[in-house]
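> Encoded as structure tokens, here's the structure I'll be asking about.
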């Protein structure tokens, strides 16, 4: 028996489905992938899927090799993987979303029997995959609304480690540049700036300590964040200095917290490509 395989259709289907999955993985971690890397990773994964069709070896060996090469290549091209721990964390996310998407596709095909022929075609698979993508994007297997991380603040050769809290309630922006602002307490700020407190910018706020007011904002040359097995480096991050320790401010809820991370930092750097993996 002979089957006709349309390589272009298989590649496009796998490319789009991989793109769905990679976007979900990226959103569930800390948005380290640029649009170009997402597309390149999806293409590598699709090429890996087609590898068994062009290799003369045993069926099982070809299948395993194709999956391993495609999956590993897809993750390494898309994300700044610098450690086995980070790779395994990303792989865990990918598998979670893959099983979730597969389950939704199977449910749609079995439930919508009149449309089964359409759903099993190329356009049907892509459309059903899009529905699964929209459903799964509402679930976050990665960072919670509030999550702890290890932050390293760097300035003039001084490196200070602190416990950070990623809080979606922090939406502070530097009014001139529109950049997201992280919040630190006085003691952490003094360890980095000492007596040099000039050259600040005014950061208006609404719910840090008081109903509304202003804080002094400073440009931090470098900020490293280590969370969920991933370590990322951000350049030129604005920090605002709270009059009280941030562990006592609204929403901190953890005594050891010294810096509140603005989640907009990931979105901003995700778009500009200013984020990079730390060594």
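Numbering (the working numbering), first residue to last: 4 to 282.
All C-beta atoms, glycine included, are put in the ideal place defined by N, C-alpha and C.
Helix, strand or coil for residue 224 per DSSP?
As a first step, residue 224 must be located in the chain shown, where it is residue number 221. Reduced to three states, the DSSP call for residue 224 is strand.
> Any contact of the stretch 18 to 29 with the stretch 73 to 81, i.e. 3+ C-beta pairs under 8 Å?
Yes, the stretch 18 to 29 is in contact with the stretch 73 to 81.
> Three or more C-beta pairs closer than 8 Å, one from the stretch 130 to 140 and one from the stretch 99 to 115: is that the case here?
As far as the Cβ criterion goes, the stretch 130 to 140 touches the stretch 99 to 115, which means the pair count is three or higher.
> If residue 241 and residue 222 are in contact, beta carbons under 8 Å, what's the gap, nearest whole angstrom?
Within the chain shown, residue 241 is the residue found at index 238, counting from 1. Within the chain shown, residue 222 is the residue found at index 219, counting from 1. The pair is a contact, with the Cβ atoms about 6 Å apart (cut-off 8 Å).
> Report buried or exposed for residue 259, applying the criterion of at least 16 other Cβ atoms within 10 angstroms of its Cβ.
As a position in the chain shown, residue 259 is number 256, starting the count at 1. Exposed is the call here.
> Tell me whether the beta-carbon of residue 261 lies closer than 8 Å to the beta-carbon of residue 187.
Taking the chain shown and counting its residues from 1, the one referred to as residue 261 is at position 258. Taking the chain shown and counting its residues from 1, the one referred to as residue 187 is at position 184. Contact flag set, yes.
> What is the DSSP secondary structure of residue 244, reduced to helix, strand or coil?
One-based indexing of the chain shown puts residue 244 at position 241. Note: residue 244 maps to strand in three-state DSSP.
> So who's on the other strand from residue 167, going by DSSP bridges?
For the purposes of this step, residue 167 is identified with residue 164 of the chain shown, where counting begins at 1. Residue 167 is bridged to 152 and 262.
> Whose C-beta lies closer than 6 Å to the C-beta of residue 166 among residues of the same chain, with five residues either side of it excluded?
Sequence index remark: in the chain shown, residue 166 carries index 163 (1-based). Here the set comprises 259, 260 and 261.
> Is the distance from the Cβ of residue 163 to the Cβ of residue 195 below 8 Å?
By one-based count along the chain shown, residue 163 stands at place 160. By one-based count along the chain shown, residue 195 stands at place 192. Yes, they are a contact pair.
> Mind checking who residue 218 pairs with in its DSSP beta bridge?
The residue you call residue 218 lines up with position 215 of the chain shown. Note: residue 218 sits in a beta bridge opposite 206.
> With 16 as the cutoff for other CB atoms within 10 Å, does residue 227 come out buried or exposed?
Along the chain shown, one-based indexing puts residue 227 at 224. Result: buried.
> Give every residue of the same chain whose Cβ lies closer than 7 Å to the Cβ of residue 161, excluding the five residues on either side of it in the sequence, and list them in chain order.
Position 158 of the chain shown holds residue 161. 195, listed in sequence order.
> What are the boundary residues of the beta strand (DSSP E) that residue 187 is part of?
Start at 1 with the first residue of the chain shown, and residue 187 comes out as number 184. From DSSP, the beta strand (DSSP E) with residue 187 extends over 184 to 187.
> Report the residue from 177, 191 and 176 whose alpha carbon sits nearest the alpha carbon of residue 154.
As a position in the chain shown, residue 154 is number 151, starting the count at 1. Cα-wise, what sits closest to residue 154 is 191.
> I need the DSSP call for residue 53, collapsed to helix, strand or coil.
What you label residue 53 is simply residue 50 of the chain shown in a count that begins at 1. Residue state, collapsed to three classes: helix.
> Residue 161 bridges to which residues according to DSSP?
Mapped onto the chain shown, residue 161 falls at position 158. DSSP, once it has assigned bridges, lists 158 as partnering residue 161.
> If the criterion is Cβ atoms closer than 8 Å, does the pair residue 233 and residue 89 meet it?
What you label residue 233 is simply residue 230 of the chain shown in a count that begins at 1. What you label residue 89 is simply residue 86 of the chain shown in a count that begins at 1. In this structure, residue 89 lies closer than 8 Å to residue 233 by Cβ.
> For the ligand MN, I want to know if residue 218 counts as a neighbour, meaning its beta carbon is within less than 7 Å of at least one of the ligand's heavy atoms.
What this structure holds is no ligand at all, so the ligand MN is not there to describe.
> Got a sec, what are the start and stop residues for the alpha helix (DSSP H) residue 95 sits in?
Looking up residue 95 in the chain shown gives position 92. Element bounds for residue 95: 87 to 114.
> Taking a contact to mean a Cβ-Cβ separation below 8 Å, would you say residue 183 touches residue 268 in this structure?
Along the chain shown, one-based indexing puts residue 183 at 180. Along the chain shown, one-based indexing puts residue 268 at 265. Yes, these two residues count as a Cβ contact at 8 Å.
> Is it buried or exposed, residue 71, if we count other Cβ atoms within 10 angstroms and call 16 or more buried?
If you number the chain shown from 1, residue 71 lands on position 68. Residue 71 is exposed by the Cβ-count criterion.
> Could you work out which residue in 197, 100 and 129 is closest to residue 112 when comparing CA atoms only?
Residue mapping note: residue 112 aligns to position 109 of the chain shown, counting from 1. Nearest C-alpha to residue 112: 129.
> Please return the same chain residues whose Cβ sits closer than 8 Å to the Cβ of residue 216, not counting the five positions on each side in sequence.
Within the chain shown, numbered from 1, the residue matching residue 216 stands at position 213. Correct list, in chain order: 207 and 208.
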